[in-house]
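Report on the following structure.
Number of protein chains: 2
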Amino acid sequence: MPAVSGCINMLDSETKAVETPEDHAEELRLWLRLLTCTTLIEGEVRGRLRQRFDVTLPRFDLMAQLDKAPDGMTLSDVSKRMMVSNGNVTGLVERLVESGHLDRRTSETDRRVQVIRLTKLGRAEFRRMAAEHETWIADLFADLTPKDVRELMRLLAKTKASAQKSAARRRP
Amino acid sequence: MPAVSGCINMLDSETKAVETPEDHAEELRLWLRLLTCTTLIEGEVRGRLRQRFDVTLPRFDLMAQLDKAPDGMTLSDVSKRMMVSNGNVTGLVERLVESGHLDRRTSETDRRVQVIRLTKLGRAEFRRMAAEHETWIADLFADLTPKDVRELMRLLAKTKASAQKSAARRRP
DNA sequence: CCGAATTGTTTTAAGCATAAAATGATTCCA
DNA sequence: TGGAATCATTTTATGCTTAAAACAATTCGG
Chain A
21 MPAVSGCINM LDSETKAVET PEDHAEELRL WLRLLTCTTL IEGEVRGRLR QRFDVTLPRF
81 DLMAQLDKAP DGMTLSDVSK RMMVSNGNVT GLVERLVESG HLDRRTSETD RRVQVIRLTK
141 LGRAEFRRMA AEHETWIADL FADLTPKDVR ELMRLLAKTK ASAQKSAARR RP
Chain B
21 MPAVSGCINM LDSETKAVET PEDHAEELRL WLRLLTCTTL IEGEVRGRLR QRFDVTLPRF
81 DLMAQLDKAP DGMTLSDVSK RMMVSNGNVT GLVERLVESG HLDRRTSETD RRVQVIRLTK
141 LGRAEFRRMA AEHETWIADL FADLTPKDVR ELMRLLAKTK ASAQKSAARR RP
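Protein chains in written order, with my numbering: chain A, 21 to 192; chain B, 21 to 192.
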């Protein structure tokens, strides 16, 4: 590297930050680490759900959404909440209705809309799974102090906001 | 709630922390937030890869692993690194060999082993994609200060270690 | 040596996931 | 009022993903 450009960079770095054309290696590493953590935990939860309850993670997630909505949700709501495609929800719901965990009916007021709810069976099974699930999560995060947890919550909130802003820039 | 048990809990909370039989709501919220962040960013990256380069995220991830290993990797290595199942890699590799991005050969010394490498085409295309990919990530994390990034890195490292420990407890 | 584990990969069956196009219902507004 | 736009969902085509079983090659221990 020519000495001159090195100097320019050094001067820049005093005023603002390192400003080499592209120095985003740190963010990239952060993203990979975030992804690793999530994949690790998700895999662990998936395996335990399968072993203990013979249920898949997507099914569990869907039931978790419905457990929070006693009056039911539309498929679109579910799709937005779970951040998955519409078509995905259609199939997932189909299987859970089939197995008796979900009740599905067409809205009275808008015949485009399908409203789904947990059945009695579905709610009972979900509650049973959720109780144990919570202990798994607690165990997976066991080495974090309460302060760590608070700090992570704060930083991830900031991360989420940043990512949403960036996404919105591309699709306004 | 009876007043007595309320008092007991309050006393406990002074010495150590709230110790109701199960109070893991914070960890649960943290997990959901972590998952949300990852899903959000992953979806954004997936969409941009598809739009700009007509490539899927798993293909990109596999090529990223191989770019770091000029001498190639075995399928098992790839599978461990990517934290996906063996069978998954088999199919992924098949399609990338088919499209001319990967070269695959049986190891000279162990005929069970398949060694895969990026082809010239594969490497060139990956480099092109990776450069742009890095700017997307930088943009997605743009609102985090360098200090935020460092702090997140540290806390996620701790999280990863905690989760690995917990996973190891179940499968020693 | 040789059979029993182990290791690396593939196959199988089922389910999950996406994007894009299609379908059907509602709303908007000229 | 009637057509266009929008909205909710489903369908289609393709690809990803997993767990478990099957297969094949190697290593290990007696």
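The beta carbon of each residue, even a glycine, is placed where N, CA and C say it ideally should be.
Note that the coordinates shown come from a computational prediction; the quantities given were computed from them, not determined experimentally.
Can you grab the Cα-Cα spacing for the pair leucine 141/B / arginine 79/B, in whole Å? Against the second sequence, residue 141/B aligns to sequence position 121. Against the second sequence, residue 79/B aligns to sequence position 59. Using only the alpha carbons, I get a separation of about 14 Å.
- Inside the stretch 75–162 of chain A only - alpha helix (DSSP H) runs reaching at least 4 residues: For the stretch 75–162 of chain A, the full-length alpha helix (DSSP H) segments reaching 4 residues or more read 77–87, 95–102, 106–118, 140–160 along the chain.
**Asked** Does the stretch 60–79 of chain A come close enough to the stretch 108–121 of chain A that 3 or more CB-CB pairs lie under 8 Å?
**Response** At 8 Å Cβ cutoff, the stretches touch.
Give me, in chain order, the residues of the same chain whose beta-carbon lies closer than 6 Å to that of arginine 125/A; leave out the 5 immediate sequence neighbours on both sides. Within the first sequence, numbered from 1, the residue matching residue 125/A stands at position 105. Result list for arginine 125/A: Val135, in chain order.
Let me make sure I understand the geometry here. Which of Met173/A, Ala188/A, Arg66/A, Ser96/A has the alpha-carbon closest to that of tryptophan 51/B?
Taking the first residue of the second sequence as 1, we reach residue 51/B at position 31. The shortest Cα separation from tryptophan 51/B among Met173/A, Ala188/A, Arg66/A, Ser96/A belongs to Met173/A.
Separation of arginine 49/B from isoleucine 132/B, as counted between CA atoms: On the second sequence, position 112 is the one that residue 132/B refers to. On the second sequence, position 29 is the one that residue 49/B refers to. Reading the sequence as shown, one finds arginine at residue 132/B and not isoleucine. Answer to the nearest angstrom: the Cα atoms are 45 Å apart.
- Message: For the stretch 175–187 of chain A, list every residue whose C-beta sits within 9 Å of some C-beta in chain B, in sequence order.
- Response: Within the stretch 175–187 of chain A, Leu175, Leu176, Ala177, Lys178, Thr179, Lys180, Ala181, Ser182, Ala183, Gln184, Lys185, Ser186, Ala187 place their CB atoms closer than 9 Å to a CB of chain B, listed in sequence order.
message = At the 8 Å Cβ level, is histidine 6/A part of the contact set with chain B, yes or no?
response = Summary: the structure shown does not reach residue 6/A, with chain A confined to residues 21 through 192, and so no result is reported for it.
- Message: Can you tell me where the alpha helix (DSSP H) holding threonine 58/B begins and where it ends?
- Response: In the second sequence, the residue the question calls residue 58/B occupies position 38. From DSSP, the alpha helix (DSSP H) with threonine 58/B extends over 45–73.
request  = Could you round the C-beta distance between isoleucine 61/A and leucine 160/A to whole angstroms and report it? I think they count as a contact, below 8 Å.
outcome  = Looking up residue 61/A in the first sequence gives position 41. Looking up residue 160/A in the first sequence gives position 140. Confirmed, Cβ separation roughly 6 Å.
Give a yes or no on whether the minimum CB-CB distance between methionine 103/B and chain A is below 8 Å.
Counting from 1 along the second sequence, the entry for residue 103/B is found at position 83. True, the Cβ-Cβ gap to chain A drops below 8 Å.
Check: Within the 8 Å Cβ cut-off, does isoleucine 61/B reach chain A?
Finding: The residue given as residue 61/B occupies position 41 in the second sequence. Cβ-Cβ to chain A under 8 Å: yes for isoleucine 61/B.
*asked:* Do arginine 143/B and aspartate 91/B count as a contact pair if the criterion is CB distance below 8 Å?
replied: Here residue 91/B is taken as the residue at index 71 of the second sequence, counted from 1. Here residue 143/B is taken as the residue at index 123 of the second sequence, counted from 1. Contact: no.
What does the alpha-carbon distance come out to for the pair arginine 137/A and glycine 120/A?
On the first sequence, residue 137/A is found 117 positions in, with the first residue counted as 1. On the first sequence, residue 120/A is found 100 positions in, with the first residue counted as 1. So the two alpha carbons sit approximately 11 Å from each other.
Does any CB atom of chain A fall closer than 8 Å to the CB of phenylalanine 161/B? Within the second sequence, the letter at position 141 stands for residue 161/B. Judged by the 8 Å Cβ criterion, phenylalanine 161/B is in contact with chain A.
Exercise. On a CA-only basis, which of Glu152/B, Lys180/B, Arg170/B, Glu47/B is nearest arginine 70/B? Give me that one, please.
Key: As a working note, residue 70/B is residue 50 in the second sequence. If we check each option's Cα against that of arginine 70/B, Glu152/B comes out closest.
- Contacts that threonine 76/B makes with chain A (C-beta to C-beta distance below 8 Å): For this step, residue 76/B is matched to residue 56 along the second sequence. Near threonine 76/B there are no residues of chain A at all, since even the closest Cβ is about 15 Å away, more than 8 Å.
Please list, in chain order, all residues of the same chain as serine 127/A whose beta carbon is under 6 Å from its beta carbon, the five residues on each side excluded.
-> Translated into positions along the first sequence, residue 127/A becomes position 107. Closer than 6 Å at the Cβ level, and outside the excluded window around serine 127/A, lie Val133, Val135.
Shorter than 8 Å from the beta carbon of alanine 89/B to some beta carbon of chain A?
Here residue 89/B is taken as the residue at index 69 of the second sequence, counted from 1. Interface with chain A (8 Å Cβ-Cβ cutoff): alanine 89/B is excluded.
- Through-space distance from proline 166/B to leucine 46/A, alpha-carbon basis: Counted from its first residue, the first sequence places residue 46/A at position 26. Counted from its first residue, the second sequence places residue 166/B at position 146. One point to set straight first is that residue 46/A is glutamate, not leucine, in the sequence displayed. When rounded, the distance between both Cα atoms is 9 Å.
- request: Determine the burial state of serine 182/A: buried for a count of at least 16 other Cβ atoms within 10 Å of its Cβ, exposed for fewer.
  value: Taking the first residue of the first sequence as position 1, residue 182/A is located at position 162. Under a 10 Å Cβ-count criterion, serine 182/A is classified as buried, with 16 or more other Cβ atoms of the shown protein chains found around its own Cβ.
Is the Cβ of leucine 172/B closer than 8 Å to any Cβ of chain A?
Locating residue 172/B in the second sequence gives position 152, counting from the first residue. Chain A contact via Cβ: present.
Quiz prompt | Buried or exposed by the 16-neighbour rule on C-beta atoms within 10 Å, applied to arginine 64/A | solution = The residue given as residue 64/A occupies position 44 in the first sequence. It should be pointed out that residue 64/A corresponds to glutamate in this sequence rather than to arginine. With 16 or more Cβ atoms within 10 Å of its Cβ, glutamate 64/A is classed as buried.
Let's test the definition: count the other Cβ atoms within 10 Å of the Cβ of threonine 129/A and tell me whether it reaches 16, buried, or not, exposed.
By one-based count along the first sequence, residue 129/A stands at place 109. Threonine 129/A is exposed by the Cβ-count criterion.
### Query
Between the Cα of lysine 185/A and the Cα atoms of Asp74/B, Ala162/B, Leu54/B, Leu55/B, which residue gives the shortest distance?
In the first sequence, residue 185/A corresponds to position 165, counting from 1. Selected option, being the one with the closest Cα: Ala162/B.
In this structure, how does DSSP classify arginine 174/B when only helix, strand and coil are distinguished?
Here residue 174/B refers to the residue found at position 154 of the second sequence. Helix, per DSSP.
**Asked** To the nearest angstrom, how far is it from the Cα of methionine 149/B to the Cα of arginine 101/B?
**Response** Numbered from its first residue, the second sequence carries residue 149/B at position 129. Numbered from its first residue, the second sequence carries residue 101/B at position 81. Distance between the alpha carbons of methionine 149/B and arginine 101/B: 20 Å.
| query | For threonine 165/A, which three-state DSSP category applies? | reply | Within the first sequence, numbered from 1, the residue matching residue 165/A stands at position 145. The answer is coil: DSSP assigns threonine 165/A none of H, G, I, E or B.
Q. Counting contacts by CB-CB distance shorter than 8 Å, is alanine 144/B in contact with chain A?
A. As a working note, residue 144/B is residue 124 in the second sequence. Output row for alanine 144/B: interface = no.
Practice prompt. Answer yes or no: does any C-beta atom of chain B fall closer than 8 Å to that of glutamate 128/A?
Written response: In the first sequence, the residue the question calls residue 128/A occupies position 108. With 8 Å as the cut-off, glutamate 128/A does not count as an interface residue toward chain B.
Subject >> Residues that isoleucine 157/A contacts on chain B, provided the C-beta gap is smaller than 7 Å >> reply: To locate residue 157/A, count along the first sequence from 1; it is residue 137. In chain order: His44, Glu47, Leu48, Trp51.
For leucine 164/B, which residues in chain A fall below 7 Å Cβ to Cβ? Counted from its first residue, the second sequence places residue 164/B at position 144. Simply Lys178, Thr179, Ser182.
Open item on the list: Distance check for threonine 155/B and isoleucine 28/A, CA to CA, integer angstroms please.
Closed with: Start at 1 with the first residue of the first sequence, and residue 28/A comes out as number 8. Start at 1 with the first residue of the second sequence, and residue 155/B comes out as number 135. At isoleucine 28/A, the pLDDT of 36 sits below 50, so the modelled position is not reliable; the number obtained from the coordinates is stated separately. The alpha-carbon separation between isoleucine 28/A and threonine 155/B amounts to approximately 23 Å.
Checklist entry - If you compare alpha carbons, which of Thr59/A, Leu54/A, Arg72/A is closest to arginine 190/B? => result Along the second sequence, read from residue 1 onward, the residue named residue 190/B stands at position 170. Checked all of Thr59/A, Leu54/A, Arg72/A; the closest Cα to arginine 190/B is Arg72/A.
Out of Thr179/B, Leu116/B, Val169/B, state which residue places its alpha-carbon closest to the alpha-carbon of aspartate 168/A.
Translated into positions along the first sequence, residue 168/A becomes position 148. Out of Thr179/B, Leu116/B, Val169/B, Thr179/B has the C-alpha closest to the C-alpha of aspartate 168/A.
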